[in-house]
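Asker:
Residue numbers (the numbering used here): 15 to 331.
Below you can see the structure in the form of structure tokens.
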């Protein structure tokens, strides 16, 4: 080996060693980087957060199993979790405004507010347009859910869930650029699943002969709008209330008048609330999951939404 060749080989070896050192240093930095603490208020967003974050994020859902965000009362432990969070994912539109008090002492956190995300994209929230079956007398006062910002159940449209996934991905990259590649890859896979879910809903619902249904509460307006369906009324108009006898009678009249074929209950509520309606009308029943509540963290957004699709197909196809 002549001197020139030796120098060339030595230079190559040096470059390889330098590259190995550089890669090793980067790997060490990634391994040593502290995990992002992130919290979500609604199950659907928690599912996106834990999937995209993977093992690089400490993902927590504030809402316990079986609890509704409409009626949830946070604890001191919840406040401590939120105050440590680098990322907070909320729905907005007044359904989870309790998170705002919990994060009052955490001004540094990035907040993904899906109500704001929709507004930034020029999408207006729906107003509840179902037929009223409430038996409130003129002049009577009744405590109502604050829907002044619009119907909050936006996550039941898979396109909104995709917007949430994109916003979560971008926020995690901003907080933790070291794991950008992992966040990007997991988000891409999650978004592909959502796209397929949306296609499957479109293909199935396009063949439905019946388009109208009654839901347990006013959760399904966005799902219905996306796929050309109509939720014409709710069994329970206000969270945790009803139906009263008068409301039940009004629902029976509505079913008979508009020839409604199906009403949907939810796993979180007793089906006996609809017994009289079924007896009087012979209407078919099914189950739709609103995904604002959940039974087990092993459940997923994709799995629950596919259960909803099968329920719709069975009842309306």
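Don't be surprised by glycine CBs; every beta carbon is placed ideally from N, CA and C.
Quick caveat: nothing in here was measured; it's all calculated off a predicted structure.
Anyone know if the C-beta pair for residue 208 and residue 128 falls short of 9 angstroms?
Answerer: For this step, residue 208 is matched to residue 194 along the chain shown. For this step, residue 128 is matched to residue 114 along the chain shown. Not a contact, by the Cβ cut-off of 9 angstroms.
Asker: Out of 55, 67, 47, which has the shortest C-alpha to C-alpha gap to residue 202?
Answerer: Start at 1 with the first residue of the chain shown, and residue 202 comes out as number 188. The shortest Cα separation from residue 202 among 55, 67, 47 belongs to 67.
Asker: From residue 305 to residue 88, what does the alpha carbon distance come to, in whole angstroms?
Answerer: Walking along the chain shown from the start, residue 305 turns up at place 291. Walking along the chain shown from the start, residue 88 turns up at place 74. Approximately 19 angstroms between the Cα atoms of the pair.
Asker: Who are the Cβ neighbours of residue 318 in its own chain at under 6 angstroms, not counting the five residues just before and after it?
Answerer: Looking up residue 318 in the chain shown gives position 304. 303, 305.
Asker: Would you check if the distance between the CB atom of residue 134 and the CB atom of residue 164 is smaller than 9 angstroms?
Answerer: For the purposes of this step, residue 134 is taken as residue 120 along the chain shown, with counting starting at 1. For the purposes of this step, residue 164 is taken as residue 150 along the chain shown, with counting starting at 1. The answer is no: Cβ separation not under 9 angstroms.
Asker: Check the DSSP bridge columns for residue 74 and list the partner residues they point to.
Answerer: Taking the chain shown and counting its residues from 1, one reaches residue 74 at position 60. Bridge partners of residue 74: 53.
Asker: Taking the C-alpha atoms as reference points, what is the distance between residue 262 and residue 223?
Answerer: To locate residue 262, count along the chain shown from 1; it is residue 248. To locate residue 223, count along the chain shown from 1; it is residue 209. About 26 angstroms.
Asker: According to DSSP, simplified to helix, strand and coil, what is residue 146?
Answerer: On the chain shown, position 132 is the one that residue 146 refers to. Confidence in residue 146 is poor, its pLDDT being 40 and thus under 50, which makes the residue's placement unreliable; the coordinate value appears in the next sentence. Correct three-state label for residue 146: coil.
Asker: Residue 162 and residue 108 - do their beta-carbons sit closer together than 9 angstroms?
Answerer: Mapped onto the chain shown, residue 108 falls at position 94. Mapped onto the chain shown, residue 162 falls at position 148. Yes, Cβ-Cβ distance for residue 108 and residue 162 is below 9 angstroms.
Asker: Got a sec, what are the start and stop residues for the beta strand (DSSP E) residue 300 sits in?
Answerer: Counted from its first residue, the chain shown places residue 300 at position 286. Per DSSP, residue 300 belongs to the beta strand (DSSP E) from 298-301.
Asker: If you draw a straight line from the C-alpha of residue 237 to the C-alpha of residue 92, how long is it?
Answerer: Start at 1 with the first residue of the chain shown, and residue 237 comes out as number 223. Start at 1 with the first residue of the chain shown, and residue 92 comes out as number 78. Rounded to the nearest angstrom, the two C-alpha atoms are 30 angstroms apart.
Asker: Between 314, 288, 60, 330, which has its C-alpha nearest residue 244's C-alpha?
Answerer: Taking the chain shown and counting its residues from 1, the one referred to as residue 244 is at position 230. Here the closest residue by C-alpha is 330.
Asker: From the DSSP output, read off the bridge partner residues of residue 263.
Answerer: Residue 263 sits at position 249 when you count from the first residue of the chain shown. For residue 263, which the question treats as bridged, DSSP gives no partner whatsoever.
Asker: Determine, using beta-carbon pairs with one atom in the stretch 210-222 and one in the stretch 73-89, whether at least three such pairs fall under 8 angstroms.
Answerer: The stretch 210-222, when compared against the stretch 73-89, does not touch it at the 8 angstroms Cβ threshold.
Asker: In whole angstroms, give me the CA-to-CA distance for residue 266 and residue 309.
Answerer: One-based indexing of the chain shown puts residue 266 at position 252. One-based indexing of the chain shown puts residue 309 at position 295. Distance between the alpha carbons of residue 266 and residue 309 is about 30 angstroms.
Asker: Return the CA-CA distance between residue 117 and residue 96, expressed in angstroms with no decimal places.
Answerer: For this step, residue 117 is matched to residue 103 along the chain shown. For this step, residue 96 is matched to residue 82 along the chain shown. For residue 117 and residue 96, the distance between alpha carbons rounds to 6 angstroms.
Asker: Ends of the beta strand (DSSP E) at residue 245?
Answerer: By one-based count along the chain shown, residue 245 stands at place 231. Looking at the DSSP string, the run of the beta strand (DSSP E) that includes residue 245 is 244-248.
Asker: I'd like the span of the beta strand (DSSP E) that includes residue 164, first residue to last.
Answerer: Start at 1 with the first residue of the chain shown, and residue 164 comes out as number 150. That residue, residue 164, is in no beta strand (DSSP E); it is neither H nor E in DSSP.
Asker: Output needed for residue 321: all residues of its chain with C-beta closer than 7 angstroms, excluding positions within five of it in sequence on either side, in chain order.
Answerer: Numbered from 1 along the chain shown, position 307 holds the residue referred to as residue 321. Closer than 7 angstroms at the Cβ level, and outside the excluded window around residue 321, lie 303.
Asker: How many Å lie between residue 122 and residue 50 at the Cα?
Answerer: To locate residue 122, count along the chain shown from 1; it is residue 108. To locate residue 50, count along the chain shown from 1; it is residue 36. Using only the alpha carbons, I get a separation of about 13 angstroms.
Asker: Helix or strand or just coil, what does DSSP make of residue 105?
Answerer: Counting from one through the chain shown, the residue named residue 105 turns up at place 91. Looking at residue 105 - three-state DSSP - the assignment turns out to be coil, as it is neither helix nor strand.
Asker: Based on the DSSP output, what are the partners of residue 127 in its beta bridges?
Answerer: As a first step, residue 127 must be located in the chain shown, where it is residue number 113. Bridge partners of residue 127: 104.
Asker: With burial defined as no fewer than 16 other Cβ atoms inside 10 Å of the residue's Cβ, what is the status of residue 273: buried or exposed?
Answerer: The residue you call residue 273 lines up with position 259 of the chain shown. Residue 273 comes out exposed.
Asker: According to DSSP, what are the bridge partners of residue 226?
Answerer: For the purposes of this step, residue 226 is identified with residue 212 of the chain shown, where counting begins at 1. For residue 226, which the question treats as bridged, DSSP gives the partners 244.
Asker: Indicate whether residue 179 and residue 99 have their beta-carbon atoms separated by less than 9 angstroms.
Answerer: What you label residue 179 is simply residue 165 of the chain shown in a count that begins at 1. What you label residue 99 is simply residue 85 of the chain shown in a count that begins at 1. Their beta carbons are not under 9 angstroms apart, which means residue 179 does not touch residue 99 by this criterion.
Asker: Please identify the residue among 140, 56, 258, 247 whose C-alpha is closest to the C-alpha of residue 112.
Answerer: The sequence position of residue 112 within the chain shown is 98, counting from 1. Ranking 140, 56, 258, 247 by Cα distance to residue 112 puts 56 first.
Asker: Return the CA-CA distance between residue 190 and residue 182, expressed in angstroms with no decimal places.
Answerer: Taking the first residue of the chain shown as 1, we reach residue 190 at position 176. Taking the first residue of the chain shown as 1, we reach residue 182 at position 168. If I take the Cα positions, the gap works out to 12 angstroms.
Asker: Roughly how many angstroms lie between the CA atoms of residue 153 and residue 194, to the nearest whole one?
Answerer: The residue you call residue 153 lines up with position 139 of the chain shown. The residue you call residue 194 lines up with position 180 of the chain shown. Confidence at residue 153 is low in this model, with a pLDDT of 36, below 50, so the placement of that residue should be treated as unreliable; the coordinate-derived value is given next. Answer to the nearest angstrom: the Cα atoms are 57 angstroms apart.
Asker: Have a look at 298, 94, 232 and flag the residue whose alpha-carbon is nearest the alpha-carbon of residue 53.
Answerer: Within the chain shown, numbered from 1, the residue matching residue 53 stands at position 39. Nearest option by C-alpha distance: 94.
Asker: For the candidate residues 74, 307, 69, 326, whose alpha-carbon lies nearest to that of residue 102?
Answerer: Mapped onto the chain shown, residue 102 falls at position 88. When only C-alpha atoms are compared, the closest one is 74.
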